[in-house]
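This report refers to the structure that appears directly beneath it.
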Amino acid sequence: MVGSIIMGVVVALLIFFSLSERVKLKRYRKEWDVIGESKMSPLSESLAGLIGTAGGIYLSLVMLKTFLEVEIPARVNVSTVSVEPMAAISFVLAIVSPYLNRLSKGLKRLKFRFR
1 MVGSIIMGVV
11 VALLIFFSLS
21 ERVKLKRYRK
31 EWDVIGESKM
41 SPLSESLAGL
51 IGTAGGIYLS
61 LVMLKTFLEV
71 EIPARVNVST
81 VSVEPMAAIS
91 FVLAIVSPYL
101 NRLSKGLKRL
111 KFRFR
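Under the UniProt record's numbering, the residues of the sequence shown are numbered 1 to 115, in order.
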């Protein structure tokens with residue numbers, strides 16, 4: 001019960017901050033290329049990239065599960081939230097991937113310096 005309340009409050013705060021930032025951006029936006037045509041914001045581009053990456057990882061995991069014939073439960077309960085395991089894993093991997101890419105580039109740069 002408490003976990004779902006906390007999760008609801010966190011989601012509500014994230015939505016509030018997102019909306020307030022969008023309002024600020026809308027106030028400062030002065031020029032439009034074509035009236036009536038919306039521009040992609042960095043947030044919407046990032047969100048589309050995140051969902052696209054998570055979807056690609058999810059499809060790869062489904063194909064791997066089918067190929068290996070692995071039995072995975074349909075739902076997993078985390079606190080009071082029930083999620084599909086492969087969808088949750090793909091979403092977490094999509095969230096972590098930019099940081100892993102940055103770490104990989106940093107390690108390559110560090111390795112190159114010490115040659």
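All residues carry an ideal CB built from backbone N, CA and C; glycine is no exception.
Exercise. Look up S46 in the DSSP assignment and give the residues it is bridged to.
Key: BP columns for S46 are empty, so no partner.
Point to revise | Assigned secondary structure, S82 (DSSP; H/G/I helix, E/B strand, else coil) | key: strand
Exercise. Note down, in chain order, each residue of its chain lying with its Cβ closer than 6 Å to the Cβ of R75, except the 5 sequence neighbours on either side.
Key: S82
Since A94 and T53 are thought to touch, with beta carbons under 8 Å apart, how far apart are those beta carbons, to the nearest angstrom? 4 Å
- Query: Exposed or buried, what is I57 when buried is set at 16 or more other beta-carbons lying within 10 Å of its beta-carbon?
  - Reply: buried
For this session: Output the distance between the C-alpha atoms of L61 and G3, rounded to the nearest integer angstrom.
Result: Taken atom to atom, the span from the alpha-carbon of L61 to that of G3 is near 29 Å.
> Which residue from L50, R102, F112, V70 puts its Cα closest to that of P85?
Replying inline: V70
At the level of alpha carbons, what is the spacing between K108 and P98? 15 Å
Original post:
Of the choices L50, T66, L110, L103, whose alpha-carbon is the least far from that of S90?
Top reply: L50
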